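Take a look at the structure below.
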Amino acid sequence: MKPETVNSVSIMSEMAKDWNYSQRIALVPTMGFLHEGHLNLVREASAHADKVIVSIFVNPLQFGPSEDLTNYPRNLFRDAQLLSAVGADIIFAPDSTDITPSDMKFQIDPGGMASVLCGRFRPGHFAGVSTIVAKLFHIVRPGIAVFGWKDAQQFLLLKKMVLDLNMPVTLHGVDIKREADGLAMSSRNTYLNAAQRKAAPLIYGGLSEIRSAYESGVNDTKILLNSFRRRIDSEPLLKLQYAESVDMDSLKPLDKVQKDNTLIAVAVYAGDTRLIDNIRL
Ligand code: AMP
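Those letters in the sequence shown? Residues 227 to 507, by my numbering.
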């Protein structure tokens with residue numbers, strides 16, 4: 227069945243209030259232009275809830291002045307078709323002026339977790355993400371919310387937000403969905419030209435090499451990350467922004483891999499397109 231689309235914050239809020247008495251509500255926040263990775267999040271949500279709300283909102287608060295807010299790909303019609311096959315009940319696609327009115331003053335401050343990894347290069351990004359996600363939680367009041375490990379820093383930071391601010395919601399993380407050649411699916415992959423698209427799987431190739439080296443006994447992160455850097459440097463169409471290893475609780479750098487608590491996160495440019503990926507060790 228095709229999900230109903232709701233554009234108004236107050237209507238969404240009223241609907242959620244009614245359901246909250248009797249139904250388990252799951253929220254899947256997205257910026258739309260959906261792919262299989264997003265649809266896996268919706269499947270996970272459907273498995274744990276009676277009502278699944280997928281929000282589609284290209285959040286201006288999380289884009290820097292020189293980033294791709296206006297060009298970000300959008301196709302609400304296609305998104306609705308894709309969502310009808312995976313059990314979404316509602317698409318919440320709020321009008322920008324309704325959910326982020328120009329006189330809005332308050333924002334969530336995510337502290338130090340927002341100034342490392344991607345946050346080092348995207349000041350204000352995670353404050354914008356946290357603020358919009360907190361607003362969505364208040365409007366939709368979900369019991370669970372589902373996020374992808376694709377944006378590992380975002381997921382770990384939002385888990386901390388929920389814990390620190392006693393938000394009554396449980397977060398679920400879903401593994402990264404990849405193309406057949408290993409490239410992590412992303413709405414931004416549509417920006418890549420043919421040559422860049424061909425080069426991009428080297429990112430996951432490099433991460434897989436890190437995993438193999440770790441599994442064969444190397445746990446010095448400097449050695450592991452240097453192998454990744456060399457691999458990216460060998461491809462003229464790719465440019466490394468960062469490759470780091472951090473503790474998954476604090477996002478503090480790690481010199482040695484801590485089993486089951488280490489995130490290796492990378493950001494790589496292909497032309498103007500910034501691609502992120504990660505593995506957990
Ligand atoms: P976005 O629309 O890019 O803001 O992503 C919305 C949600 O989908 C976030 O929780 C992302 O981490 C998740 N997501 C995006 N791409 C993937 C992917 N390839 N695999 C798993 N989750 C993803």
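Glycine included, each C-beta is placed from N, C-alpha and C at the ideal position. Quantities reported herein were computed from a predicted structural model and do not represent experimental measurements.
### Query
What residue does the beta strand (DSSP E) around Q467 start on, and which one ends it?
464-473
#### Entry: Three-way DSSP call (helix, strand, coil) for R455 in this model
helix
### Task
Tell me, please, which residues DSSP counts as bridged to K376.
In DSSP, K376 forms no bridge with anything.
### Query
In whole angstroms, what is the alpha-carbon distance linking N266 and V400?
Inter-residue distance for N266 and V400 is about 7 Å (C-alpha atoms, whole angstroms).
### Message
Any contact between the region 352-367 and the region 375-386? By contact I mean 3 or more CB pairs, one from each, below 8 Å.
### Response
yes
### Message
Counting beta carbon pairs with one atom in the region 418-433 and one in the region 372-379, are three or more of them shorter than 8 Å?
### Response
no
#### Entry: Contact test: A340 Cβ vs the ligand AMP heavy atom, cutoff 7 Å
no
### Message
Shorter than 7 Å, the distance from the beta carbon of L362 to the closest heavy atom of the ligand AMP, or not?
### Response
For the ligand AMP, not one heavy atom lies less than 7 Å from the Cβ of L362.
### Query
Short check: CB of Q467 to CB of R414, under 8 Å?
no
### Query
Can we count F352 as close to the ligand AMP, meaning its CB is less than 7 Å from some heavy atom?
With a cutoff of 7 Å, F352 does not count as near the ligand AMP, since its C-beta is closer than that to no heavy atom of the ligand.
### Task
Starting from the C-beta of A496, find all residues in its chain whose C-beta is less than 7 Å away, skip the five residues before and the five after it, and write them out in chain order.
L418, Q422, A425, A426, L463, L464
### Query
Does at least one heavy atom of the ligand AMP sit under 7 Å from the Cβ of G290?
no
### Query
Is the CB-CB distance between E470 and A491 below 8 Å?
E470 places its beta carbon less than 8 Å from that of A491.
### Message
From the DSSP secondary-structure annotation, give me the bridge partner or partners of A496.
### Response
L464, T499
### Message
For the pair the region 335-342 and the region 244-253, tell me if three or more CB-CB distances fall below 8 Å.
### Response
no
### Presumed contact (8 Å Cβ cut-off) between I505 and R437, rounded CB distance
6 Å
### Query
Nearest-angstrom Cα distance between H274 and I251?
9 Å
### Task
May I ask you to report which of helix, strand or coil DSSP gives K448?
helix
### Query
What did DSSP end up calling F332 once you bin it into helix, strand or coil?
Assignment of F332 by DSSP, reduced to helix, strand and coil, places it in the coil class.
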